[in-house]
Amino acid sequence: MAALISELLDDDPIHGFVGVVDTAAEESPDDSAIEPGGWAVAEDNWIAVDEPIDQGCIVKYELWDGEPPAHPPGASTWQGTVHLESGIIHPEDIDGTYLADNRFDLGRPGQRWNIRVHRDQLGHGSFPPDVVRRTLITLQFWP
Numbered sequence: 039m040a041a042l043i044s045e046l047l048d049d050d051p052i053h054g055f056v057g058v059v060d061t062a063a064e065e066s067p068d069d070s071a072i073e074p075g076g077w078a079v080a081e082d083n084w085i086a087v088d089e090p091i092d093q094g095c096i097v098k099y100e101l102w103d104g105e106p107p108a109h110p111p112g113a114s115t116w117q118g119t120v121h122l123e124s125g126i127i128h129p130e131d132i133d134g135t136y137l138a139d140n141r142f143d144l145g146r147p148g149q150r151w152n153i154r155v156h157r158d159q160l161g162h163g164s165f166p167p168d169v170v171r172r173t174l175i176t177l178q179f180w181p
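For the sequence shown, the residue numbers in this note's numbering are 39 to 181.
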């Protein structure tokens, strides 16, 4: 069974979240690359996520040593692969602003990663009332 190596919950809501980008990337996440009916896509050095901007979202990063267990029912899930040049990623907003204080280091530059993205609406019981109705975006990476 796979084990969680590290995780980071960035609980500061991001309004206008468009995805995550490698710190060495020269391009921003391009949500126009998302196929009709889809909500996420990965290209070299970035992952784009189509997320409404009204409530903001919270982003959680997870690094696993193998494929993580399936996410609980109720979440939307997308899975693919992404090559990351530096292996250090951070969120980016709709204005192309790097939110550089919120970096997650995968520890292996120049690697192709398996990635699974979950999108969950937060509900009472899981989080305090001020974050309910926000979206939790969980990005899981493994070799």
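Each residue gets a CB set at the ideal place from its N, CA and C atoms; glycine is no exception. Keep in mind that this is a model prediction, so the values were computed, not measured.
For D49, the enclosing beta strand (DSSP E) covers residues 42-52.
Of the candidates A41, G148, I52, T61, I52 places its Cα closest to the Cα of E89. Put simply, the backbone Cα of A71 is about 32 Å away from that of A41. Take Q117, set aside five residues on each side of it, and the residues of its chain with a beta-carbon closer than 8 Å to its own are N152, I153, R154, V155, in chain order. Along the stretch 55-117, the beta strand (DSSP E) occurs as fully enclosed runs of 3 or more residues at 55-60, 78-81, 84-87, 95-102, listed in sequence order.
Contact between T119 and R150 holds, since their C-beta atoms are separated by about 6 Å, short of 8 Å. The straight-line gap separating the alpha-carbon atoms of D69 and D50 is approximately 22 Å. Judged by DSSP in its simplified three-state form, L160 adopts coil rather than helix or strand.
Looking at the DSSP output, N152 sits in a beta bridge with T119, W180. Taking a contact as a CB-CB distance under 8 Å, the pair L160 and R141 does not count as one, their CB atoms being some 23 Å apart.
Residue environment for A78: buried (at least 16 other C-beta atoms within 10 angstroms of its C-beta).
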